[in-house]
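J.:
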Amino acid sequence: MTLIFSASRRKGRSSPPTLLPLTESTHFRSRSPRSTIRQRARRFLRSRIARLLLLLFCIWNLAEVLLVRRNLATPPHPRAHARRKNERIYIASLHWNDGWLVRQYWSDAVVGLAEALGPQNVFVSVYESGSWDDTKEALQELDSTLGRMGVARNITLSDVTHEEEMAKDPDGPGWVETPRGRKELRRIPFLAELRDKTLRDLIKLRDQGIHFDKTEDVLTLLDTNDGTYAAACSLDVSNPPNYYDTFALRDSNGDTHLMQTWPYFRSEVSRNAMIANWPAVPVKSCWNGIVAMQAKPFVSEKPLRFRALPDSLAALHVEASECCLIHADNPLSQQLGIYLNPQVRVGYTSAAYEAVNPTSGSWVSPWQIFKGLWGSRILRWVYRTETRDWIVKRRMDRWMEERVGNSEPGDFCVINEMQVLVENGWAHV
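No gaps in the numbering here: position 279 of the sequence shown is 279 in the UniProt record's numbering, and each next residue is one more.
1. In chain order, what residues of the same chain have a beta carbon less than 6 Å from the beta carbon of A73, not counting five sequence neighbours either side?
2. Between R261 and G372, which are expected to be in contact by the criterion C-beta below 8 Å, what is the C-beta distance as a whole number of angstroms?
3. Is the distance from the Cβ of D245 to the Cβ of N288 below 8 Å?
4. Since M293 sits in a beta bridge, which residues does DSSP pair it with?
5. Residues in the same chain with beta-carbon distance under 7 Å from F298, minus the five sequence neighbours each way, listed in chain order, please.
6. Is the segment 387-403 close to the segment 276-293, with three or more CB pairs under 8 Å?
7. Are the segment 185-195 and the segment 314-324 in contact at 8 Å, needing three or more beta carbon pairs?
8. Could you please give the first and the last residue of the uninterrupted beta strand (DSSP E) stretch that includes H198?
9. Could you pull the start and end residues of the beta strand (DSSP E) that N341 belongs to?
10. Which residue wins for smallest C-alpha separation from A232, given the options N242, L249 and P173?
11. Alpha carbon to alpha carbon, what distance is there between W100 and H327?
12. Can you tell me whether I275 is buried or exposed, with buried defined as 16 or more other CB within 10 angstroms of its CB?
13. Within its chain, find whatever has a CB closer than 8 Å to the CB of I415; leave out the 5 residues flanking it on each side and keep chain order.
14. If A315 sits next to V176, beta carbons under 8 Å apart, how far is it from one beta carbon to the other, in whole angstroms?
15. By DSSP's criteria, N225 is part of a beta bridge. Which residues make up the other side?
16. With contact counted as at least three CB pairs below 8 Å, one residue from each stretch, are the segment 146-156 and the segment 267-284 in contact?
17. Pick from T224, S350 and L309: whose alpha carbon is nearest that of P409?
18. Within 10 angstroms of its Cβ, does P366 collect 16 or more other Cβ (buried), or is it exposed?
19. How big is the Cα-Cα spacing for D389 and Q419?
20. From residue 443 to R206, what distance separates their C-alpha atoms?
21. Could you tell me whether the segment 167-184 touches the segment 107-124, where touching means 3 or more Cβ pairs closer than 8 Å?
22. Taking Cβ positions, are R265 and Y90 nearer each other than 8 Å?
23. Kindly indicate which residue of A355, V422 and N277 has the alpha-carbon position closest to the one of E164.
24. Have a look at H162, F370 and F123 and flag the residue whose alpha-carbon is nearest the alpha-carbon of G147.
25. In angstroms with no decimal places, state the Cα-to-Cα distance between A355 and P240.
26. Three-state secondary structure (DSSP) at K393?
27. Please go through the same chain and pick out, in chain order, the residues whose beta-carbon is closer than 8 Å to the beta-carbon of N225, but skip the five residues on each side of it.
28. Count the other C-beta atoms from every protein chain shown that fall within 10 angstroms of the C-beta of C413, then say buried if there are 16 or more, exposed otherwise.
29. Between the beta-carbon of L221 and the beta-carbon of S234, is there less than 8 Å?
30. Does Y353 come out as helix, strand or coil in the three-state DSSP assignment?
31. Under the criterion of a Cβ to heavy atom distance below 7 Å, does R180 qualify as lining the ligand COA?
32. Using alpha carbons as the reference points, say which of R186, S125, N277 and Q335 lies closest to N169.
33. D251 bridges to which residues according to DSSP?
34. Only counting runs of 3 or more residues, tell me where the beta strand (DSSP E) segments fall wholly within the segment 133-206, in order along the chain.
35. Quick one: using the 10 Å Cβ neighbour count with 16 as the cut-off for buried, is G347 buried or exposed?
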């Protein structure tokens, strides 16, 4: 048995300490810092000031969510069909293995747009590239319908498959040495070439004296920013509530999205416009399903064209969307601005479309609003893009130093990826 001494007091003088037994089950107990913090927190939460602060916090969040929800529930601008009757519209579209989409949705949308604008004011340019489903048959049906309506059109059906494209000479442009140890066909130059094919008729019609006001359009999108823009885009979704086209969308500062759900943007200008549900959210680039653009740059003396990054830059494991670079090259981008219209929301499936286009009320739920507002705040406090941007910037600086004249105006489009064509689509490498 172990002994310890415990002091006690006697009148007049100190007494010898009393001996107390200490068994093996006896323990010393001290208050840990963690338990002290918990106790202080509980005392604070029980205080009147804490309760008042908590109540004010809840009221503020509730008011903010209700205000945003009211903004998001605002109906889109009415379609002004009558005043669009004399505006010429050039509709350009690419298709690959999406026969079900053409039959169920896209054909009806094109026909409805032609009826609203007047068949004589519409030209439809379609390029289909090597589909193996029933896309060709679906487009042939659309061709017949547009023919009966008197709509001018050019629907090109190509039998060239990805596999045949990949069998071409790898020493030509658009090929890159990949980490897999071989030369492979880059995805973006391939897509840029296809998109340019949809613009061929725009040039031919210009030479015939026929001019168009927009290159691709839907009725509501035409009214974005009162019709003044270099480009206006819809908001696209595939897996709600996440938006889809992360590759092309950049906020007003040229940054990629802060979060893939509402309100998306890091930039204060773009983010606040999205929260307020403005029909014209300023951005530096967008595509997102549907885009309306002024036709003038495409038929100028130095015509605007889709392009990819140079192969020598892409070899450093960076890539950029042709749908972003087009805005970097467009001389009207700085003059007229580029806008995302969140009141025009499109989906790649019927379920996705219905999820973001409810019959009434807000398309973003109260919980998504609350989570989005606070998620955005927290990410802006703790997340920085410097590391990611530094990797890309270092590679671009290296490329620009390799040769005099190397420059890339679409640096804000560039990301740390390498994309190549494969038989059934495309792949990251």
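Beta carbons: idealized from backbone N, C-alpha and C, even for Gly.
The structure displayed is predicted, hence computed values, not measured ones.
T.: Quick answer:
1. Counting only residues of its own chain and dropping the five nearest sequence neighbours on each side, A73 has a CB closer than 6 Å to the CB of G361 and S362.
2. According to the sequence shown, residue 261 is Thr rather than Arg. About 6 Å separates the Cβ atoms of T261 and G372, confirming a contact at the 8 Å cut-off.
3. With a cutoff of 8 Å on beta-carbon distance, D245 and N288 are scored as near each other.
4. BP columns for M293 point to A231.
5. For F298, where only same-chain residues beyond five positions count, the Cβ hits under 7 Å are L199, L202, T215 and L304.
6. In this structure the segment 387-403 does not lie against the segment 276-293, because fewer than three pairs of beta carbons, one per stretch, are closer than 8 Å.
7. At 8 Å Cβ cutoff, the stretches touch.
8. Reading off the sequence, residue 198 comes out as Thr, not His. Here T198 belongs to no beta strand (DSSP E), and DSSP marks it neither H nor E.
9. I338 to G347 is the extent of the beta strand (DSSP E) around N341.
10. Of N242, L249 and P173, the residue nearest in Cα terms is L249.
11. Looking at the two C-alpha atoms, the distance is approximately 31 Å.
12. By the Cβ neighbour-count rule, I275 is buried, with 16 or more other Cβ atoms within 10 Å of its own.
13. F247, T256, V318, E319, A320 and V392, listed in sequence order.
14. Their Cβ separation, rounded to whole angstroms, is 5 Å, which keeps A315 and V176 in contact under 8 Å.
15. Per DSSP, N225 has no beta bridge partner at all.
16. With the cut-off at 8 Å, the segment 146-156 and the segment 267-284 do not touch.
17. For P409, the closest alpha carbon among the candidates T224, S350 and L309 is that of L309.
18. When all chains shown are included, P366 counts as exposed.
19. D389 and Q419: Cα-Cα distance of roughly 19 Å.
20. The shown model of the chain, from 1 to 429, leaves out residue 443, and the question about it has no answer.
21. They do not touch, by the three-pair rule.
22. One detail in the question is off: residue 265 reads as Phe in this sequence, not Arg. Cβ atoms of F265 and Y90: not closer than 8 Å.
23. Check the Cα spacing between E164 and each of A355, V422 and N277: the tightest is with V422.
24. Out of H162, F370 and F123, the CA that lies nearest to the CA of G147 is found in F123.
25. Each residue's Cα considered, the two are about 7 Å apart.
26. In this structure, K393 counts as helix in the three-state DSSP scheme.
27. For N225, where only same-chain residues beyond five positions count, the Cβ hits under 8 Å are A232, P279, A280, G337 and Y339.
28. By the neighbour-count definition (other C-beta atoms within 10 Å, threshold 16), C413 is a buried residue.
29. Result yes, Cβ atoms of L221 and S234 sit closer than 8 Å.
30. DSSP places Y353 in helix when its eight states are reduced to three.
31. Ligands displayed in this structure: none; no statement on the ligand COA is therefore possible.
32. In the sequence as presented, Asn is not what sits at residue 169; that position holds Asp. Among R186, S125, N277 and Q335, the Cα nearest to that of D169 is on R186.
33. D251 is bridged to V283.
34. Entirely contained in the segment 133-206, the beta strand (DSSP E) runs reaching 3 residues are, in chain order, 152-158, 175-177 and 183-185.
35. Counting other Cβ atoms within 10 Å of its Cβ, G347 reaches 16 or more and is therefore classed as buried.
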